[in-house]
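Residue numbers (the numbering used here): 0 to 100.
Take a look at the structure:
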């Protein structure tokens, strides 16, 4: 089960996305994974062979409430990507820590 993302069409988002994509192709998806886990307690992964896919591995038995929680968490994080610089600033902070800048 996964969600495939596309490169942003909006210029300001595309510039940020392409910048981080040059640092590492999985950077965008990894930021989604981190944000989903830290803010919403939702565990996901980056797909190993397609960095534009966010993988979910739900248990074999899942309740409707758990599905709703997952969907709402993904929606909130995607809203942050589109409407807040906080998501991209967090990604920049990760790059700085990695590069020891």
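Positions of the beta carbon are idealized from the N, C-alpha and C atoms, including for glycine. All values derive from a computational prediction rather than experimental measurement.
Of the choices the options, whose alpha-carbon is the least far from that of residue i?
i	options	result
residue 38	96, 89, 97 and 99	89
residue 102	95, 97, 80 and 49	Here the chain has residues from 0 to 100 only, and residue 102 is not among them.
residue 11	82, 97, 95 and 94	82
Using a Cβ-Cβ cut-off of 8 Å (strictly less than) and excluding sequence neighbours within five positions of residue i, which residues of its own chain qualify?
i	result
residue 75	38 and 39
residue 34	76, 79, 86 and 89
residue 161	Any question about residue 161 goes unanswered here, given that the chain covers just 0 to 100.
Strictly by DSSP, which residues pair up with residue i?
i	result
residue 55	43
residue 2	53
Can you find the residues in the same chain that come closer than 7 Å, C-beta to C-beta, to residue i, ignoring five residues on each side of it along the sequence?
i	result
residue 99	none
residue 3	51 and 52
Skipping 5 residues on each side, what residues in its chain have a beta carbon closer than 6 Å to that of residue i?
i	result
residue 13	7
residue 50	24, 25 and 28
Those runs of the beta strand (DSSP E) which lie wholly inside the stretch 17-51 and span at least 3 residues = 43-45
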